[in-house]
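**Student:** My questions will all concern the structure given below.
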Amino acid sequence: MTPARFVEPPTGGALLAPYAAMVVTASNRAAAGVYEDKGGPLLAAGLEKFGFAVDGPWVVPDGDPVENALRAGVEAGYDVILTTGGTGVSPTDRTPEATRAVLDLEVPGIAEAIRAFGRDKVPTSALSRGLAGVAGGTLIVNLPGSTGGVKDGLAVLEPLLKHAVDQIRGGDHPRPDGTSGGAS
């Protein structure tokens, strides 16, 4: 496999859709061509199933390149950016720090729910330091690099993402009967 070279983010086509997402894979080894990115394509397929148009995955080394990718995606105007990889406790896992540098506000319940969902099956999921939050008008969520962690994250995110995007856009809270939840 040939090493991946740094390229501009795969922005464009998805941004024309009602719900646009970008996927970023944070992996030093996948970016160097040591192995194939499996988590990023899995994330992209899941987002498409949820009704999002998706650009990516954009495979970058962990650390500053992740921060640069996130900033580029926020500036481009994506509704959602999901990352995979770089959330553990190894010395090269720097995705949470890169994400925190971009976020305007954290949404800890999302990251907590993702960790809790996988904990009974895989106790080491508690080691994930992934974050979730909002930067500008973009929801950013870090998922683990394992395909199992990506699948668990998608299971948690499926009922949340469009609602979160609508809220970030200023939408009202829908009630169970389908009416808006504004004051009476």
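Mind the numbering: the sequence shown is residues 1 to 184 in the numbering used here, read in order. Glycine included, C-beta positions come from ideal geometry on N, C-alpha and C.
In angstroms, rounded to a whole number, what distance separates the CA positions of residue 18 and residue 29?
**Tutor:** Going by the C-alpha atoms only, they are around 34 Å apart.
**Student:** Counting along the chain, where does the alpha helix (DSSP H) carrying residue 165 start and finish?
**Tutor:** Looking at the DSSP string, the run of the alpha helix (DSSP H) that includes residue 165 is 161-168.
**Student:** For residue 148 and residue 114, what's the separation of their Cα atoms in angstroms?
**Tutor:** Roughly 11 Å separates the two Cα atoms.
**Student:** Enumerated in chain order, which unbroken segments of the beta strand (DSSP E) with a length of 3 residues or greater are wholly contained in the region 42-130?
**Tutor:** Those beta strand (DSSP E) runs which fall completely within the region 42-130 and span 3+ residues are 53-60 and 80-84.
**Student:** Short of 6 Å in beta carbon distance, which residues of its chain neighbour residue 160, apart from the five on each side in sequence? Order them along the chain.
**Tutor:** Closer than 6 Å at the Cβ level, and outside the excluded window around residue 160, lies no residue.
**Student:** Compare the Cα-Cα distances from residue 72 to each of 126, 24, 131 and 169 and report the closest residue.
**Tutor:** Ranking the options by Cα distance to residue 72, first place goes to 24.
**Student:** Look at residue 74 and residue 66 and say whether their C-beta atoms are less than 8 Å apart.
**Tutor:** Result no, Cβ atoms of residue 74 and residue 66 do not sit closer than 8 Å.
**Student:** With a threshold of 16 other CB atoms inside 10 Å of the CB of residue 35, please say whether the residue is buried or exposed.
**Tutor:** With fewer than 16 other Cβ atoms within 10 Å, it is exposed.
**Student:** Exposed or buried, which one is residue 102 when buried takes at least 16 other CB atoms within 10 Å?
**Tutor:** Burial call: buried.
**Student:** Tell me the rounded alpha-carbon separation between residue 33 and residue 27.
**Tutor:** One C-alpha to the other measures close to 10 Å.
**Student:** Secondary structure at residue 21, three-state DSSP: helix, strand or coil?
**Tutor:** In this structure, residue 21 counts as strand in the three-state DSSP scheme.
**Student:** Quick check: what's the CA-CA separation for residue 154 versus residue 138?
**Tutor:** So the alpha carbons of these two residues sit roughly 17 Å apart.
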